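Quick notes on the structure that follows.
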Amino acid sequence: MMPIVRTLLLSVVVALAPLSLVAIAAAGEAAVLHGDLGPPMGEPIHAQLTSPPNVPPPVHRSYPAKVIVDLEVREVEKEISEGVRYTFWTFGGTVPGSFIRIRQGDTVEFHLKNHPDSKMPHNIDLHGVTGPGGGAASSFTAPGHESQFSFKALNQGVYVYHCATAPVGMHVANGMYGLILVEPPEGLPPVDHEYYVMQGDFYTVGKYREKGTQPFDMQRAIDERPTYVLFNGSEGSLIGDKALKAKVGETVRLYVGNGGPNLVSSFHVIGAIFDKVWFEGGTHFQENVQTTLIPAGGAAIMEFHSVVPGSYVLVDHALFRAFNKGALGILKVDGPENKAIYSGKEVDSVYLGDKAASNQRSVAAAASAAAKGQLTREEQQRAGETLFAGTCSVCHQPNGEGLEGVFPPLAKSDFLMADLKRAITIVLNGLTGPVTVNGKSFNSVMPPMSQLNDDEVANILTYVKNAWGNQDAQVSAAEVAEIRKTTKRPAGAAH
Ligand SMILES: [Cu+2]
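Just so you know, we're using my numbering here: the sequence shown kicks off at 729 and counts up by one.
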């Protein structure tokens, strides 16, 4: 009888948390603080850290332990977008940094190493720490050094950690943030998948998708005008082969943080409704949520179940960030259709644009060939095909035939083929007013495609001028640049 009664009592006590935690703590020896579950027990445990989008397995432990966390800071040059390199400062080699998972009441012995190749000193401020600076003062670490400090995790929840070395904004803008999950003593309910996603804003000297190695731009950061807004530190980190995966009928839990440094995130998954959101990473959840706000330096936990197969698009619903700065990822759900819930066919390109074409590699290949001055017409056509699918095909249609009376054809278009300079001007500046294409008149509006750079316009036009029975020469980025120079750009145009 006794053990059953005790179990019952304990579950009542746990259910009454946090008041009960004080009661438990008060019953312990030296433990008097809220959330202090007593001294660490058992052998010290080495925390298993994971790189995004992976999350370490649940703790499954019934007592507070000493947990050793080893985290190494590395400054690494990586791709931020196709053909664009950036030097990130990282916790563990990735942006965001390694995911840390512990249990409330654990005593964490934190070892922060700074790789000898680093150029900068770094430290760490964990929002899950109770104490001045969240560990920052105790963890200042020069290149080639290691520092150590300990803290007891008094509060459950999911917390951001970040570097707090001056200039703090710059260290964070370079990718120095991650998440630490402090599980409640009883753990979290099991789900089929757990994923780790973190948004951040990035500031480069070059424009969005301008190729080459891009340095950090301090003025843009101060002005809060990011070039990129990204999930997991690069455009495409959650797309194609790297999309998050689930099957129909499974439950998915996302731990979503926002490193900032400047923007707050209006986090949304297109086509899904969150069953539960532990907003601000706290103890209470809201139900049936469409979009949840994640402040800079904050996090949230969200859960939903997948019913209908397809691509679910993770976005910052401040939509220019999603479609023009990179804040876009995919959760790919596989399984049988459920026509009673959703009838539709899946058309990725409606939302994904050029990211729907799994073959972004063609764009990268063209960019690197162009950098070497060896760009062939075939490479341009392949890159142009991908870009056309995401940029022009919504109106001119994938087969280039246009739509009767609304969008003129590009396939065998006499208007297009007659004048290259005019075609370039149309793409750069748009077109309004009456035009006659293959004897048919159109009087509509094409908006300027100002998000495209010179290479992209050249590749698209090379493709268009050699597809669907069209035949013409290559179009070079220099020809596009020439026309861009002579046309008046509105202030603030992307390129
Ligand atoms: Cu740092």
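Backbone N, C-alpha and C fix where the C-beta goes; we use that ideal spot for every residue, glycine too.
All values derive from a computational prediction rather than experimental measurement.
Checklist entry - Between residue 1058 and residue 923, what straight-line distance do the alpha-carbon atoms span, to the nearest angstrom? => result Counted from its first residue, the sequence shown places residue 1058 at position 330. Counted from its first residue, the sequence shown places residue 923 at position 195. Cα-Cα distance, rounded: 12 Å.
Item to check | C-beta atoms of residue 1115 and residue 1207 nearer than 9 Å | outcome: As a first step, residue 1115 must be located in the sequence shown, where it is residue number 387. As a first step, residue 1207 must be located in the sequence shown, where it is residue number 479. It is not a contact, given that the beta carbons lie outside the stated cut-off.
Item to check | Reduced DSSP secondary structure (H/G/I, E/B, other) of residue 1191 | outcome: Here residue 1191 corresponds to residue number 463 of the sequence shown, with the count starting at 1. DSSP places residue 1191 in helix when its eight states are reduced to three.
Item to check | Contact set for residue 1191: own chain, Cβ-Cβ below 6 Å, skip 5 residues either direction | outcome: What you label residue 1191 is simply residue 463 of the sequence shown in a count that begins at 1. Cβ-Cβ distances below 6 Å link residue 1191 to 1109, 1112, 1113, 1116 in the same chain, with the five nearest sequence neighbours on each side left out; the list follows chain order.
Next on the checklist: Let me check you understand the geometry: is the CB of residue 904 closer than 8 Å to at least one non-hydrogen atom of ligand 1?
Outcome noted: Here residue 904 is taken as the residue at index 176 of the sequence shown, counted from 1. Yes, the beta carbon of residue 904 sits closer than 8 Å to at least one heavy atom of ligand 1.
Checklist entry - Going by DSSP, which residues form a beta bridge with residue 1160? => result Here residue 1160 refers to the residue found at position 432 of the sequence shown. Paired residue(s): 1173.
Checklist entry - Roughly how many whole angstroms lie between the Cα atoms of residue 775 and residue 819? => result Numbered from its first residue, the sequence shown carries residue 775 at position 47. Numbered from its first residue, the sequence shown carries residue 819 at position 91. Roughly 15 Å separates the two Cα atoms.
Checklist entry - Who are the Cβ neighbours of residue 1033 in its own chain at under 8 Å, not counting the five residues just before and after it? => result Locating residue 1033 in the sequence shown gives position 305, where the first residue counts as 1. Once the five neighbours on either side are set aside, the close Cβ partners of residue 1033 are 977, 978, 979, 980, 1003.
Checklist entry - Counting pairs of Cβ atoms below 8 Å between the stretch 995 to 1002 and the stretch 941 to 957, do you hit three or more? => result With a cut-off of 8 Å on Cβ pairs, the stretch 995 to 1002 is not in contact with the stretch 941 to 957, counting fewer than three such pairs.
Checklist entry - Which residues mark the beginning and the end of the alpha helix (DSSP H) in which residue 1115 is found? => result Walking along the sequence shown from the start, residue 1115 turns up at place 387. Its alpha helix (DSSP H) spans residues 1105 to 1119.
Item to check | Helix, strand or coil at residue 1025 according to DSSP, with G and I counted as helix | outcome: Here residue 1025 refers to the residue found at position 297 of the sequence shown. Three-state result, residue 1025: coil.
Checklist entry - Considering only C-alpha positions, which residue in the set 812, 966, 990 is nearest to residue 942? => result Translated into the one-based positions of the sequence shown, residue 942 becomes position 214. Closest by alpha carbon: 812.
Item to check | Between the CA atoms of residue 794 and residue 749 - distance to the nearest angstrom | outcome: Working through the sequence shown from its first residue, we reach residue 749 at position 21. Working through the sequence shown from its first residue, we reach residue 794 at position 66. Bear in mind that the predicted position of residue 749 carries a pLDDT of just 43, short of 50, making it unreliable; the figure below should be weighed with that in mind. Rounded to the nearest whole angstrom, the CA to CA distance from residue 749 to residue 794 is 19 Å.
Checklist entry - Can residue 878 and residue 869 be called in contact, C-beta distance under 9 Å? => result Taking the sequence shown and counting its residues from 1, one reaches residue 878 at position 150. Taking the sequence shown and counting its residues from 1, one reaches residue 869 at position 141. No, the Cβ-Cβ distance between residue 878 and residue 869 is not below 9 Å.
Checklist entry - What are the boundary residues of the beta strand (DSSP E) that includes residue 830? => result Here residue 830 refers to the residue found at position 102 when the sequence shown is read from its first residue. Note, residue 830: beta strand (DSSP E), 828 to 831.
Checklist entry - Whole alpha helix (DSSP H) runs in the stretch 855 to 906 with 4 or more residues, listed along the chain? => result Within the stretch 855 to 906, the complete alpha helix (DSSP H) runs of at least 4 residues are 896 to 901.
Checklist entry - Excluding sequence positions up to five away, which residues of its chain have a Cβ less than 8 Å from the Cβ of residue 1016? => result Within the sequence shown, residue 1016 is the residue found at index 288, counting from 1. Excluding positions up to five away in sequence, the list reads 1001, 1002, 1003.
Checklist entry - Which one of 931, 835, 1090 has the shortest CA to CA distance from residue 899? => result Sequence index remark: in the sequence shown, residue 899 carries index 171 (1-based). Of 931, 835, 1090, the residue nearest in Cα terms is 931.
Checklist entry - What number of angstroms, rounded off, separates the C-alpha of residue 755 from the C-alpha of residue 791? => result Here residue 755 corresponds to residue number 27 of the sequence shown, with the count starting at 1. Here residue 791 corresponds to residue number 63 of the sequence shown, with the count starting at 1. Below a pLDDT of 50, predicted positions are generally treated as unreliable, and residue 755, at 44, falls in that range; the measurement from the model is reported next regardless. Cα to Cα, residue 755 sits roughly 15 Å from residue 791.
Next on the checklist: At a cut-off of 8 Å, would you count residue 893 as near ligand 1, judging by its Cβ distance to the nearest heavy atom?
Outcome noted: The residue given as residue 893 occupies position 165 in the sequence shown. Answer for residue 893: yes, Cβ within range of ligand 1.
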